[in-house]
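Numbering (this note's numbering), first residue to last: 71 to 279. Note that the Cβ used here is the ideal one computed from N, Cα and C, for glycine as well. Only a predicted model underlies this, so the values are computations on that prediction, with no experimental measurement involved. Taking it in order: structure first as structure tokens, then the write-up.
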Ligand code: PRP
């Protein structure tokens, strides 16, 4: 048997949805379900090795070819870009990028340069560039909602899923930017060298999403 196909999974919610998908295909995911603190785990009947990583690192591992495939959000793909194939929209991990401000505050209009806090500076920059609008971007690592509350920024560009975090912090969406969901990505060399196995797995995935 060939060496296993190595798949980098974004830890957390996408990991759970991906494992459920593999189980729907019929693979035994016990090792991943009972992983403890282990980071590389087998799905033996699928001849797959799962690597658990942070979203940005999933892209790094796939781009460098140390993982053949990856499951990662479109948000991370858009922010990091990179060279790999994006093969399947997995349909889970659905949320959106949005521009939000403190409730009732006026963002558009006026001549002052607005400040935007975000974990996604490239996406934020591209959004305002497409409008021909000059903004100052401040990179924040987490809980971006704090920035307008602390008056560091006029608004945030962030992921909104249920809207609860915004609501509970007195913020509101004033503009939807782009929808986001989990994607299956593939290393370019693996796609050539292991085409048959990858295509087989992709068909199983597509039949089960
Ligand atoms: C994301 C995002 C929002 C929140 C939105 O943060 O940055 O803060 O989820 O979800 P909601 O619309 O369902 O409330 P995450 O939980 O990834 O944490 P982080 O901000 O620390 O990165």
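Distance between beta carbons of residue j and residue i, contact taken as under 8 Å
i, j, result
"residue 258", "residue 153", "6 Å"
Own chain, CB closer than 8 Å to residue i, minus 5 neighbours either side, in chain order
i, result
"residue 276", "158"
"residue 233", "243"
"residue 236", "170, 215, 230, 242 and 243"
"residue 161", "251, 252 and 279"
"residue 188", "194, 207, 208, 209, 210, 214, 226, 227 and 228"
7 Å Cβ shell around residue i - same chain, five flanking residues per side excluded
i, result
"residue 85", "79 and 122"
"residue 163", "83, 84, 87, 143, 251 and 252"
Residue i CB to nearest heavy atom of the ligand PRP below 7 Å
i, result
"residue 242", "no"
"residue 98", "no"
"residue 229", "yes"
"residue 214", "yes"
"residue 233", "yes"
"residue 236", "yes"
"residue 164", "no"
Beta-carbon proximity list for residue i, same chain, < 6 Å, skipping 5 on both sides
i, result
"residue 140", "78, 128, 132 and 255"
"residue 246", "166 and 168"
Three-state class that DSSP yields for residue i in the structure shown
i, result
"residue 100", "helix"
"residue 80", "strand"
"residue 160", "coil"
"residue 149", "helix"
"residue 118", "strand"
"residue 253", "strand"
"residue 172", "strand"
"residue 185", "strand"
Burial state of residue i, where buried means 16 or more other Cβ atoms lie within 10 Å
i, result
"residue 225", "buried"
Proximity test, residue i beta-carbon vs the ligand COA heavy atom, cut-off 7 Å
i, result
"residue 98", "For the ligand COA, the structure offers nothing, since it holds only the ligand PRP."
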